[in-house]
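First the structure, in the form of structure tokens, and then the observations on it.
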DNA sequence: GGCACCGGGCTCTGCCATAGGT
DNA sequence: ACCTATGGCAGAGCCCGGTGCC
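Printed below as a string of structure tokens:
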């Protein structure tokens, strides 16, 4: 069909004809009315002018939709020069799915290329996402959060293959849901890129003498939904770095990786390296040994996720509150709570003369509800 | 009833660089 | 020459409660 028109393709002008033809085709397929009409003369003032100029009627439409045109121009200037776009089709499509006017405007402002997708494409992609999400609302919320994840790729077939591939890894529907909700970019990756990461993880497992590479990869992905949107280079550098630092046996390291350590594999390399160095320095200065550092990292790898300043402040808060470093090392989960929260609890416990030496520091990492219940009990028992 | 253990929930985008296509 | 599609990067925690053991 299109090849018949290629014969007509000339230096300029005729390509416009071809596009006009395409547009009419789209119209007949989707039943969607043409959004804008162009007089042929508008494109006859030379190829250069029409190529470089922004499409005025498109700008007008975008303004009517409440789009931040300045932002759109800054992000994807080429889109504003396109002759045929589908902004109104996109807007009514999204509104039909429950998106507000503001959401639509914000989506287009942040990812203008969205308006180049045909209705057919949108319907199909939406259905593919609906295989994983139960409601349109969920999808709208994600588009509002991250329009690029949904619109960046025009390859629905690749999306289909990704879903099939990720399912084939043994990830449950629930995992897929978490994955798409949390790191939607994963599904816009090329199948090949996802496959590379999975195979890389499997290789790591085998290298460490593991016997279940598939389970290993699955465990890491389901524990850290972000690995698939990281480069293998990054994840590899982190694994190498941790391996060199922890100096565990292969089997121990393998277990650690698919356990809580998985959570920190996606950190940027320098960040992890810096946090590691600072944590080591701080603990050694406080009288801990290398072994303590390792123990802390294995028991609570999130210590490396927390920024150096935050972690340092948190440690100070605990130490000043009468907690010893040894107690922290034995129960690193106390570092899981915010400094503000910990400080408030220390204060409250001081008020009732809570004895950390006798009772331990477990009370500090209770959920709010459990903490309150505990306090209440302590108060009433001392009253009696 | 109290505790330890464990995993999960929220959420993580928005920009830049570049190969490859027209 | 221009645009699209895609890879890659930096950035940086906190909280809750189910379950099973004693």
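Residue numbers (the UniProt record's numbering): 1 to 384.
From the three backbone atoms N, C-alpha and C, an ideal C-beta is built for every residue, glycine too.
Fair warning: this is a prediction, and the values are worked out from it, not measured in the lab.
Check	Outcome
Can you tell me which of 241, 375 and 197 puts its alpha carbon nearest to the alpha carbon of residue 227?	197
Nearest CA to the CA of residue 214: which residue from 183, 201, 207 and 225?	201
Mark residue 314 as exposed unless 16 or more other C-beta atoms lie within 10 angstroms of its C-beta, in which case mark it buried.	buried
Count the other CB atoms, across all protein chains shown, that sit within 10 Å of the CB of residue 210; report buried if there are 16 or more and exposed otherwise.	buried
Check whether the region 157-176 and the region 136-144 are in contact - that is, three or more C-beta pairs closer than 8 Å.	no
Along the chain, where does the alpha helix (DSSP H) that runs through residue 99 open and close?	That residue, residue 99, is in no alpha helix (DSSP H); it is neither H nor E in DSSP.
Using 8 Å as the threshold, is the C-beta distance between residue 318 and residue 342 below it?	yes
Give, in chain order, every unbroken run of the beta strand (DSSP E) that is at least 3 residues long and sits entirely within the region 101-144.	none
Rounding to the nearest angstrom, what Cα-Cα distance links residue 289 and residue 316 in this structure?	18 Å
Under 8 Å between the Cβ atoms of residue 53 and residue 81?	yes
Thinking C-alpha only, which one of 155, 149 and 259 is nearest residue 223?	259
Checking 8 Å against the spacing of the C-beta atoms, do residue 105 and residue 66 come in under that value?	yes
Buried or exposed for residue 89, going by 16 or more other Cβ atoms inside 10 Å?	buried
With DSSP collapsed to three states, give me the class of residue 360.	coil
Let's test the definition: count the other Cβ atoms within 10 Å of the Cβ of residue 380 and tell me whether it reaches 16, buried, or not, exposed.	exposed
CB-CB under 7 Å to residue 251, same chain, minus the five flanking residues each way: which ones, in chain order?	209
Under 8 Å: do the region 141-148 and the region 158-168 share three or more Cβ pairs, one atom per stretch?	no
Would you call the CB atoms of residue 264 and residue 300 closer than 8 Å?	no
So which of 365, 349 and 133 has the shortest CA-CA distance to residue 377?	349
Quick check on DSSP: helix, strand or coil for residue 237?	helix
Below 6 Å CB to CB, which residues in the same chain sit around residue 351 once its five sequence neighbours on both sides are set aside?	none
Can you tell which of 203, 219 and 287 has its C-alpha closest to the C-alpha of residue 261?	219
The alpha helix (DSSP H) spanning residue 341 covers which residue range?	339-351
Can the beta-carbon of residue 162 be found less than 8 Å from the beta-carbon of residue 194?	yes
Tell me whether the beta-carbon of residue 256 lies closer than 8 Å to the beta-carbon of residue 267.	no
Along the chain, where does the alpha helix (DSSP H) containing residue 313 start, and where does it finish?	308-320
At 4 residues or longer, and completely inside the region 186-226: list those alpha helix (DSSP H) runs for me, N to C.	191-207 and 213-223
What do you get for residue 327, buried or exposed, if any count of 16 or more other CB atoms within 10 angstroms of its CB means buried?	buried
Tell me whether residue 368 is buried or exposed, calling it buried when 16 or more other Cβ atoms sit within 10 Å of its Cβ.	exposed
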